[in-house]
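The structure under discussion appears below in the form of structure tokens.
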């Protein structure tokens, strides 16, 4: 305490937080035999029989592991006779793990841990009662199998609505679903789990799918389809539609919509309306009704007093559909918790620090290569329907690493942005702690400057996040007085405020609206965009237990689930993907409005979502620099790294890697008896002594953790077992252990708080909305068309010579053979630097029959002469969206040709010894001339200053930056630049100079073409004027010197400075 602190955090925490806590924190565990360890079968038997004395643990085991519970019951009732020694030991260790979990692990799971809400307040308050309550749902994997059985009854189908699966794609004469559900089959199990579904796209199928885009009563779909095909017998149509339902081409309303309601209640409500059901349907409904009554009766009982009721409930469920865990139970804790505002302030400050320390990237790493490829193929102005984009046959296919279905893209190496400065700072932290025998290093603000990758821009703040922490203090009074520590949890949080809360909304009457407000009040980081929830049937049926959450934004995109009542549904087929230079975007095509897809729960999109949903979720995080927990980088592999603290917040716990004892564990893998226990005890003792490992540790692997006492032979055996099963296991300090355990009911070392935070909006700019659009009737020019597209590969440094000295010969030969237009750009992609040359011919026969062979022969000569490395053909897909739409395309291509001709002349001029203008100076002149030629903006253009009057150059170039951004190259020669660059004044200096006159002559045809294009753009309204001018300016620089963005910004800055100075002079003189 007392360290220097950064200014106000850019994050503000909500008043409401979620408490996650084990059911009985701090309670004594099962009695472990002191005189014997797990190698003693009598001790194992005693441990198993002791479960009978703990009704809460027994009830929890019945629910979580029926096989283990059955073995415990057998040992309790009949002893261990007939049970193999290994099985008995494994059962004893499993029971011990569950017992530790119920006392020390906060992750909500059945009866082992539960949730409550808390608030920040002026003083601390902790009251924990025993009136915990369960909330029981039918397990979604189990219920899904029931649903598929019910859908086979024609009477049930007749009472349902159906709709086409939202992720259907057309492939030739087939209709394909690439992400069908497992239909309730466990992953890896046998049954109907399929990688894809494909049916013939017959006229009847096509009609049925088209009619059912929106939910439609099944019988109405039968009627409409029969009317459209009167020659087909109605029963054949019914049979076909029933098959489409079985294949999930059509999905029925019997599927719970995963909108936060009760799934079992949803199914029962629909079954109540079935007329004339089959006998099996009646039996299923009766059993489900009994299950519904019994689960409500069970939830009315106190935790620990419902074991018999739970047994009956499980028996009812399993008699209907066999399953080890047919129920999903969560627990609401009888706890009231208030924490002082100082804790909130500490969390806010630390979240800001973690954001500053995050890697310098916007969005998730998984999309960076995909974003680059999207720009390469489609540019920055085109929207591509998401399903078309993700289909390898029609688009890029899914990004590398996507798995439902598997991406065919090559793996992308992991991003590891490192600097020598940061690496040295990290190494000093570890070395200093080891030198001084410390388990902790304390960061001050000066240290943060060394540890940051760069200076984070507050404009890149994420909209919101959640941070999961543990708060430890000696007492509630000490907590109120400021004597506390806050630890970042091993499960550190999420990128969506409220996501962890959502699944528990129906636990308490007031929680649904409170939790929905957490989502609804989250800001959106893109101007004019709206947030939209994502709802989908997860890959694993069990994951759907976490997914039935309320769409708090009021709108959603659904995949694999039926529409939800009272929610605006945005169709997946109506979502287009576009890109700016720094992010991917999602746009609702019917309205043109940008959407920010959000996932309002904690289902893992990378593991559980179809590719379309995962892509949309990741796009929702684009344009934001996301917070990240502390990362040691390569030093994480060290045998020990110290705790890292900033103020009262522990950013990272002390960690020990058990590499030294892992080898001993392998040697003891098959050992038993005293040799195993003694050898392992010595190995652990030596490791603890060598690295100052505390007696109590958290054994952590991924998001699993187990609090172990290394002084106990039983707990050491658990560590041995965990090491052999989990090669990535590490040991962490127990929060608060070095400060002394917190007394009383706070139990901060084993409880977690999930704190939602939002960005502070004051004065922070938001991302500008995406301006691209969809062009459905586009023309792509391939073999035999009107355009011949060549890629000429070679060294970048040789491009100027090739363009200036050799390309005119190729253009002349092409013209003699029948080409009537051309242009070029410079480009760099994975294949290296190259020129992209496009030749046009009004007569495709002449273009491909004469021009192509003639140009090809010349290119062969160039390759032999070492002028190019090689060449290739490609399709020409015009960027019509970027230059005014289809109506303006010919005018745009005329500009491209004239600008290409001007670029060649300017490159020749720059090489002329009698000329004083370099390439960059000529680029400045060309950019200013083009902006002037485009003319002033249309009235009311929101992107240009209104004081420019009729000066188009000043208006358009003012969009490229501010006066503060003027480059040194302008400031040092401002008078010279003002004399040379004066398009509004008629270029007086250039006109009187021979070289300058030559420049103006080269630009004159291009500028005439630009004026014509400007007229077409204003007439069509297809693309904002500023977007067209910006693209043309970019291509001027591209043709003259290539793709250096810094060089381009300097050129534009100089041109801006000159024309703005002239404008200001005229304004002051008038």
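Numbering (the working numbering), first residue to last: 3 to 1072. Where a beta carbon is used, it is the ideal one built from N, C-alpha and C, also for glycine.
Which residues share a DSSP beta bridge with residue i?
i: residue 466; result: 760
i: residue 657; result: 643, 734
i: residue 36; result: Answer is none; residue 36 lacks a bridge partner.
i: residue 580; result: 587
i: residue 827; result: 838
i: residue 1073; result: Absent from the structure is residue 1073, since the part of the chain shown begins at 3 and ends at 1072.
i: residue 789; result: 842
i: residue 139; result: 330
i: residue 611; result: In the DSSP output, where bridge partners are listed per residue, residue 611 has none listed.
Using the beta-carbon count (16 or more within 10 Å), is residue i buried or exposed?
i: residue 1067; result: exposed
i: residue 509; result: buried
i: residue 553; result: buried
i: residue 684; result: exposed
i: residue 565; result: buried
i: residue 348; result: buried
i: residue 950; result: buried
i: residue 181; result: buried
i: residue 629; result: buried
i: residue 150; result: buried
i: residue 284; result: exposed
i: residue 20; result: buried
i: residue 259; result: buried
i: residue 596; result: buried
i: residue 1; result: In the structure displayed, the chain extends from 3 to 1072; residue 1 sits before or after that span and is not available.
i: residue 110; result: buried
i: residue 202; result: exposed
i: residue 30; result: exposed
Let me make sure I understand the geometry here. Which of the options has the alpha-carbon closest to that of residue i?
i: residue 537; options: 643, 124, 560, 516; result: 560
i: residue 219; options: 247, 165, 876, 186; result: 165
i: residue 622; options: 323, 365, 105, 143; result: 365
i: residue 343; options: 253, 964, 481, 1055; result: 481
i: residue 400; options: 611, 636, 478; result: 611
i: residue 962; options: 990, 1054, 931; result: 1054
i: residue 41; options: 457, 674, 254; result: 674
i: residue 394; options: 602, 411, 424; result: 411
i: residue 358; options: 461, 592, 77; result: 461
i: residue 499; options: 513, 464, 487; result: 464
i: residue 425; options: 439, 449, 163; result: 449
i: residue 753; options: 679, 799, 492, 1000; result: 492
i: residue 44; options: 81, 73, 62; result: 81
i: residue 823; options: 762, 887, 903, 836; result: 903
i: residue 582; options: 374, 539, 542; result: 374
Spatial neighbours of residue i within its chain, please: CB distance less than 7 Å, with the 5 preceding and 5 following residues excluded, ordered by chain position.
i: residue 696; result: 735, 739
i: residue 890; result: 1015, 1018, 1019, 1022, 1024
i: residue 396; result: 390
i: residue 745; result: In this prediction, residue 745 scores a pLDDT of 49, lower than 50, which makes its location untrustworthy; the coordinate-derived value is nonetheless stated afterwards. Only 476, 477 meet the Cβ criterion.
i: residue 1064; result: 980, 984, 986, 987
Enumerate in chain order the residues of its own chain whose CB-to-CB distance from residue i is below 6 Å, with the five nearest sequence positions on each side excluded.
i: residue 1035; result: 929
i: residue 444; result: 647
Does the beta carbon of residue i fall short of 6 Å from some heavy atom of the ligand ADP?
i: residue 28; result: The ligand ADP is absent from the structure shown, which contains no ligand whatsoever.
Which residues in the same chain as residue i place their Cβ atom closer than 8 Å to its Cβ, once the five residues preceding and following it in sequence are excluded?
i: residue 293; result: 140, 266, 315, 318, 319, 322
i: residue 402; result: 368, 371, 372, 409, 411, 412, 413, 414
i: residue 520; result: 16, 18, 499, 500, 503, 554, 758
i: residue 453; result: 359, 424, 427, 428, 445
i: residue 1071; result: none
Could you check how far apart the C-beta atoms of residue i and residue j are, in whole angstroms? I think they sit under 8 Å.
i: residue 826; j: residue 839; result: 5 Å
i: residue 909; j: residue 805; result: 6 Å
i: residue 555; j: residue 534; result: 6 Å
i: residue 162; j: residue 169; result: Actually they are not in contact, since the Cβ atoms of residue 162 and residue 169 sit about 20 Å apart, beyond 8 Å.
i: residue 471; j: residue 489; result: 6 Å
i: residue 221; j: residue 160; result: 5 Å
i: residue 525; j: residue 761; result: 6 Å
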